[in-house]
Amino acid sequence: MIASKPTLRDVAKQAGVSLGTASNVLNNRANVADETRARVLQAATTLGYRAPVRSTAQRTLSVIGTIGKNNDGELMSVNPFYSYVLAGIERECQRLNLSMMYANIEVDRMNRPTSLPPMLVDNQVDAVLMVGTFLQDTIHLIGRQIDKPVVLVDAYAPGGGFDSVLTDNLNGAYAAVDYLIKQGHREIGLVGSLPDAYPSIQDRREGYLRALRQHGLSERYIGDSSLTREGGGEATQILLDRSPEITAIFACNDEVALGVIDKARELGRSVPDDLSVMGFDDVDMARQVSPSLSTVFVDKMLMGILAVRFLMDRAENPDRPALTTIVSTQVIPRASVGVRPHSNAQSG
């Protein structure tokens with residue numbers, strides 16, 4: 007029986023170092039202690055490990071760094087959207103026999119990084135995924151400093167030459183409001199956006215407006231708010247006090263939608279009999295809340311899987327133009343949206 011060829015993981019285990027350190031040594035990178043370097047090289051020699059032959063223009067990926075964001079001074083919490091993106095990244099890394107390192111960047115109140123994680127500073131990774139709502143300046147800063155393949159997930163840096171994986175936010179929001187209109191609703195509110203919001207939320211706001219225009223509805227009912235349950239509730243209070251004729255609200259994410267439902271109950275409005283509510287993202291809570299939340303499904307795990315594949319392709323084709331993949335969405339009807347059969351207006 008012929009023994010299988012030794013892998014980079016075998017070398018790391020033999021030398022008693024991390025996979026990232028072994029990769030750094032065998033790719034002749036700096037920031038590795040001489041004693042550690044010698045131990046890794048000895049392990050590779052002992053095992054008969056041979057690094058894959060590749061063009062000098064290509065890079066071999068062994069360790070992928072995934073970066074999230076955490077506001078300075080706030081407790082770490084599990085994000086119901088990005089946790090599934092990370093699960094997709096981890097699954098694809100396992101399939102491709104890649105290691106994954108994860109770190110959060112602490113940001114200040116202006117959303118600017120206060121420090122960079124050691125895995126970037128110490129050159130421990132071969133490529134980087136940036137997951138979430140980073141400032142464009144932050145993305146460019148990291149891209150310049152690490153000089154490695156970078157792929158963005160739900161992050162935007164126009165003109166930066168980065169590959170990216172995004173959600174079809176505009177068409178998803180359009181479909182959500184179109185669905186509400188087809189259920190007989192004509193006075194439809196929007197909660198959970200701001201005029202200068204992150205691009206993904208601006209697209210959802212535009213999708214709401216586009217659906218109204220397409221159906222010939224002239225009234226806009228917009229309650230500006232942050233993307234939080236509390237913010238959604240506060241904006242709903244203001245919106246319904248100002249325009250009590252509203253029969254449905256489209257919330258820019260599911261957390262905001264839960265705030266809308268909370269406030270509707272507080273105001274004595276039954277969901278969906280008096281007020282229909284539509285969310286966006288389809289996080290776990292959307293199915294667990296009562297009534298279950300109608301929402302827009304985003305394939306969050308697929309976004310993570312595609313991001314890893316983009317990194318692999320970028321490493322093999324470093325000079326190709328930047329690519330953006332838009333992941334489509336799907337309206338998921340549940341119990342929080344009701345039909346208004348006695349609406350006088352006809353849908354467009």
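Taking the numbering used here, I'd label the letters of the sequence shown as residues 7 to 354. Where is the CB? At the ideal position from N, CA and C, for every residue including glycine. It should be emphasised that the depicted structure is a prediction, and the values quoted were computed from it without experimental measurement.
Nearest neighbour of Arg-315 by Cα position, chosen from Leu-147, Phe-286, Leu-67 and Val-17, turns out to be Leu-67.
Per DSSP, the beta bridge partners of Lys-75 are Ile-111. CA-to-CA, the gap between Ala-203 and Val-262 works out to about 15 Å. Close CB contacts of Leu-126 within its chain, under the 6 Å cut and outside five residues either way in sequence, are with Ile-152 (chain order). Scanning the segment 308 to 350 from its first residue to its last, the whole beta strand (DSSP E) runs of 3-plus residues come out as 330 to 333 and 335 to 338. For the 8 Å CB-CB criterion, Phe-303 and Asp-288 form a contact.
In summary, Asp-143 is exposed, with fewer than 16 beta-carbon neighbours lying within 10 Å of its beta-carbon over all protein chains present. Secondary-structure assignment with DSSP links Val-183 through no beta bridge to anything.
The Cβ atoms of Leu-186 and Met-307 lie no closer than 8 Å to each other. Residue burial annotation: Gly-22 is exposed, with fewer than 16 other C-beta atoms found within 10 angstroms of its C-beta. The secondary-structure analysis by DSSP pairs Tyr-90 with nothing; it has no beta-bridge partner.
Scanning its chain for C-beta atoms nearer than 7 Å, with the 5 sequence neighbours on each side dropped, one finds around Lys-269 the residues Gly-239, Thr-242 and Gln-243, in chain order.
For the set Arg-219, Ala-341 and Asp-209, the Cα lying nearest the Cα of Thr-301 is the one of Ala-341.
Under DSSP, Ile-228 shares a beta bridge with Leu-196.
Ser-282 is positioned such that its CB atom lies closer than 8 Å to that of Val-343. Contact annotation: the segment 174 to 185 does not touch the segment 319 to 329, with fewer than three C-beta pairs closer than 8 Å. Within its own chain, the residues whose Cβ lies closer than 7 Å to the Cβ of Pro-205, once the five positions on either side in sequence are excluded, are Tyr-162, listed in chain order.
Following the DSSP letters along the chain, one finds Ala-39 in no alpha helix (DSSP H), marked with neither H nor E. Scanning its chain for C-beta atoms nearer than 8 Å, with the 5 sequence neighbours on each side dropped, one finds around Pro-164 the residues Gln-142, in chain order.
In the DSSP assignment, Met-125 forms no beta bridge with any residue. Of Arg-226, Ser-232 and Asp-305, the smallest CA-CA separation from Ala-254 is found for Arg-226. The beta carbon of Arg-210 lies closer than 6 Å to those of Asn-175, Ala-179 and Cys-258 in the same chain, with the five residues before and after it left out. DSSP, reduced to helix, strand and coil, places Asp-287 within a strand of the structure shown.
Ranked by how close their Cα comes to the Cα of Ser-105, the residues Val-38, Phe-256, Arg-271 and Ala-28 have Ala-28 in first place. About 6 Å separates the beta carbon of Ile-73 from that of Val-134, a gap short enough to meet the 8 Å contact definition. Gly-26 is the residue among Arg-293, Gly-26, Glu-251 and Ser-296 whose C-alpha sits nearest the C-alpha of Pro-124.
Counting of Cβ neighbours within 10 angstroms places Thr-52 among the exposed residues, the total staying below 16. Ser-199 is positioned such that its CB atom lies closer than 8 Å to that of Asp-230.
Of the candidates Ile-194, Ile-95, Ser-89 and Gly-54, Ile-95 places its Cα closest to the Cα of Gly-71.
In the assembly as shown, Ser-296 is an exposed residue. Its beta-carbon has fewer than 16 other beta-carbons within 10 Å. Shortest Cα-Cα distance from Glu-236 to any of Glu-322, Leu-264 and Phe-256 involves Leu-264.
Rounded to whole angstroms, the gap between the alpha carbons of Ala-18 and Arg-271 is 58 Å. Judged by DSSP in its simplified three-state form, Ala-133 adopts strand. Counting only the Cα atoms, Ile-111 lies some 22 Å from Gly-167.
In this structure, DSSP gives Ser-68 a state outside helix and strand, which the three-state scheme calls coil.
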